[in-house]
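Undergrad: For the protein sequence lines, the chains are A and B, in the order given.
With my numbering, the residue at position 12 of the first sequence is 12, and numbering never jumps.
Every number in my numbering is 1000 more than the matching position in the second sequence, counting from 1.
So that we are looking at the same thing, I have put the structure below in structure tokens.
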Amino acid sequence: MQRTTIVIIIGAIAAVLLQIIVAPNIAIFSAMPNFIIVYVLVIAMIMPGNAVYITAFALGLLADFLGYGPIGALPFILLVVTALASWAFTTFDNDTVFIPLGILMICALISELVYALFMLACGLQVDPVGALVYRALPCALYDCVVGLIVYLLMVHFFGRTDKPMGHAAPKLTFR
Amino acid sequence: MAISFKEDAPAARSKILFAALIVASLVLIAVYVNEGSGGMLHTMQANISGVFTPAKVLSGTISGAENAASTAVGDLTADASTLSGLRDQNEELRNTISQLEEYRQEAQRLQGLLNLKDSYSLDGVSGHVMSRSSDSWNQTVTIDLGTDDGVRSGLGVMGSTGLIGQVVSAGTSTSEVRLLTDPQSGVACVIQSSRSEGIVRGSLEGLLYLEDIDDSAEVNVGDVLVTSGLGGGFSEGIMVGTVVKIDQSNGEASRKIVVMPNATVDALDEVMVITGSSSSDSSGTSSTSGGA
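As structure tokens, this is what we get:
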């Protein structure tokens, strides 16, 4: 098994354990970070590859089973933002932390907003504005802070692989 | 010389994998939404949390340590005026307890005289809170009681000073309790003084609101709310909370009534799952009725 795959699997296990053990204890007014969203976004940027898609699906499914939301919602969201984050990082990266931070902010916000929509669509009886103000936005902000820390740590310890994901690489043949 | 472009094979496989996983996700969503609460996915969702019990125990231990440290810091930094205030409060509470004991004894004598049954004795099984929910959208706690202890879905759960929530799923040794502050919670209540009925619901901001109460019903700050027993969800007479704020805009008939819960719950706290109510009349005979 490749080193990258092993790192991704170990990181995935750590993300799940952090979500169960640490996240409830660092919640601020019920808003807590989602280590699973953060982890998937970070590895989409620094370790792109098919393993990231599978990890996003598996972790999202596990997170759905641990919660009370619709099964399949988080895998769908993570797959979409993973592809978006990977493309954006490949296109705009300039070796500073601002691009990863910007991508984390946008993708985390999209994740939390779309998940809020799924919850509302599946019967959560709350004001949509309240769902945005009291959950989606604070959680997205928390995800960004945690994501930046995770990104810096992973780049420091594991570096980056520069294989773009989801792009067709044109191959020239001459006849 | 012709030039042709071919997609790199790994990139094509990547796209196929992405599309397949997207389709799988959408299929799961559709199945979950259409299958109903007794379906396979719902059942798996209710039972899978038991697998992570050791992690939840660790989470609860960390939470307990945090609370203890916070309390210790607060105690260490308490000044003389705080201590003096606590002593005065202690004395006042002693006097109140003494008065209440007199009223209780008088009420018991009256009940005996009128041959009334004491219907507020509750049967239950005690346990502890292991951990809180690991996602932001649900206010739930995991307790160390399950079907092996007689716990089942739908039973009410009390803390040391009042109702805290309701069991939503029960495994063999652990259960998930949805707290009153969860937006999906609702408890049928009565105002103790006026006997007006309403429903206390949770919210995203963590407050409790008294809703579905008659617009003409008298509600005052300080009114105590107890469960009404209607709907079969909870036994009647369980303390829920106190009205702390009433917002009513001029010209509007409806009010926004904020309720402070009487009981809160932290990790490692003791809780009781109400399995039924036992009543005993003045002759000493007893009968038991099953809980909701």
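Just so it is clear, CB atoms sit at the ideal spot from N, CA and C, and this is done for glycine as well.
Whose Cβ in chain B lies nearer than 8 Å to the Cβ of residue 66/A?
TA: Numbered from its first residue, the first sequence carries residue 66/A at position 66. The contacting residues are 1048, 1049, 1052, 1134 and 1135.
Undergrad: Going by beta carbon distance, what residues of the same chain come within less than 6 Å of residue 1242/B, once the five residues before and after it are set aside?
TA: The sequence position of residue 1242/B within the second sequence is 242, counting from 1. Closer than 6 Å at the Cβ level, and outside the excluded window around residue 1242/B, lie 1224 and 1260.
Undergrad: What's the call for residue 1257/B, buried or exposed, on a 16-neighbour Cβ count within 10 Å?
TA: Here residue 1257/B is taken as the residue at index 257 of the second sequence, counted from 1. Buried: at least 16 other Cβ atoms inside 10 Å.
Undergrad: Got a sec: which bits of the region 1188-1212 of chain B sit with their beta carbon under 8 Å from any beta carbon on chain A, in order along the chain?
TA: Answer set for the region 1188-1212 of chain B: 1203, 1204, 1205 and 1206.
Undergrad: The region 1095-1109 of chain B: which residues have C-beta closer than 7 Å to a C-beta of chain A, in chain order?
TA: Within the region 1095-1109 of chain B, no residue has a Cβ that lies closer than 7 Å to any Cβ of chain A.
Undergrad: Just to confirm, is the Cβ distance from residue 1092/B to residue 134/A under 7 Å?
TA: Looking up residue 1092/B in the second sequence gives position 92. Looking up residue 134/A in the first sequence gives position 134. The answer is no: Cβ separation not under 7 Å.
Undergrad: Which word fits residue 215/A, buried or exposed, when buried means at least 16 other C-beta atoms lie within 10 angstroms of its C-beta?
TA: Since the first residue of chain A shown is 1 and the last is 175, residue 215/A is not available in this structure.
Undergrad: Do residue 1176/B and residue 1168/B have their C-beta atoms within less than 7 Å of each other?
TA: On the second sequence, position 176 is the one that residue 1176/B refers to. On the second sequence, position 168 is the one that residue 1168/B refers to. Result yes, Cβ atoms of residue 1176/B and residue 1168/B sit closer than 7 Å.
Undergrad: Could you give the first and the last residue of the continuous alpha helix (DSSP H) run that contains residue 82/A?
TA: Sequence index remark: in the first sequence, residue 82/A carries index 82 (1-based). Element bounds for residue 82/A: 73-92.
Undergrad: Comparing the C-beta of residue 8/A with each C-beta of chain B, is any distance below 7 Å?
TA: As a first step, residue 8/A must be located in the first sequence, where it is residue number 8. For residue 8/A, the answer is no, since every Cβ of chain B falls outside 7 Å of its Cβ.
Undergrad: Please confirm if residue 1016/B has its CB atom under 7 Å from at least one CB of chain A.
TA: As a first step, residue 1016/B must be located in the second sequence, where it is residue number 16. With 7 Å as the cut-off, residue 1016/B does not count as an interface residue toward chain A.
Undergrad: What residues in the region 1056-1070 of chain B bring their beta carbon closer than 8 Å to a beta carbon of chain A?
TA: Flagged, chain order: 1056, 1058, 1059, 1062, 1063 and 1066.
Undergrad: Is there a Cβ from chain B that is less than 7 Å from the Cβ of residue 37/A?
TA: Locating residue 37/A in the first sequence gives position 37, counting from the first residue. Answer no: the Cβ-Cβ gap between residue 37/A and chain B never drops below 7 Å.
Undergrad: State the CB to CB distance for the pair residue 1273/B and residue 1165/B, rounded to an integer number of angstroms; the pair is presumed to be in contact (CB under 8 Å).
TA: Working through the second sequence from its first residue, we reach residue 1273/B at position 273. Working through the second sequence from its first residue, we reach residue 1165/B at position 165. Residue 1273/B to residue 1165/B, Cβ: 10 Å. No contact.
Undergrad: Which chain A residues sit within Cβ distance under 9 Å of residue 1138/B?
TA: To locate residue 1138/B, count along the second sequence from 1; it is residue 138. Chain A residues near residue 1138/B: 67, 68 and 69.
Undergrad: Could you pull the start and end residues of the beta strand (DSSP E) that residue 112/A belongs to?
TA: Against the first sequence, residue 112/A aligns to sequence position 112. Residue 112/A -> not in any beta strand (DSSP E); alpha helix (DSSP H) instead, spanning 98-121.
Undergrad: Taking only three categories from DSSP, how would you classify residue 1123/B?
TA: Locating residue 1123/B in the second sequence gives position 123, counting from the first residue. Strand, per DSSP.
Undergrad: Taking only beta-carbon atoms, is residue 139/A less than 7 Å away from chain B?
TA: By 1-based counting over the first sequence, the position of residue 139/A is 139. So yes, residue 139/A belongs to the interface.
Undergrad: Could you give the residue range of the alpha helix (DSSP H) that holds residue 1173/B?
TA: As a working note, residue 1173/B is residue 173 in the second sequence. No alpha helix (DSSP H) contains residue 1173/B, which DSSP labels as neither H nor E.
Undergrad: Considering only C-alpha positions, which residue in the set 1050/B, 1197/B, 1035/B and 1055/B is nearest to residue 1218/B?
TA: Counting from one through the second sequence, the residue named residue 1218/B turns up at place 218. The residue with the shortest Cα to Cα distance from residue 1218/B is 1197/B.
Undergrad: How would you list, in chain order, the residues of chain A whose beta-carbon sits under 7 Å from the beta-carbon of residue 1033/B?
TA: Counting from 1 along the second sequence, the entry for residue 1033/B is found at position 33. Residues of chain A passing the Cβ test: 70 and 122.
Undergrad: Between residue 19/A and chain B, is there a C-beta pair that is closer than 7 Å?
TA: As a position in the first sequence, residue 19/A is number 19, starting the count at 1. Yes, residue 19/A counts as interfacial toward chain B.
Undergrad: Is residue 1021/B close to chain A, meaning its C-beta is less than 7 Å from at least one C-beta of that chain?
TA: Your numbering for residue 1021/B matches position 21 in the second sequence. It does: the Cβ of residue 1021/B has a partner Cβ on chain A nearer than 7 Å.
Undergrad: Any beta-carbon of chain A closer than 7 Å to the one on residue 1029/B?
TA: Residue mapping note: residue 1029/B aligns to position 29 of the second sequence, counting from 1. Yes, residue 1029/B counts as interfacial toward chain A.
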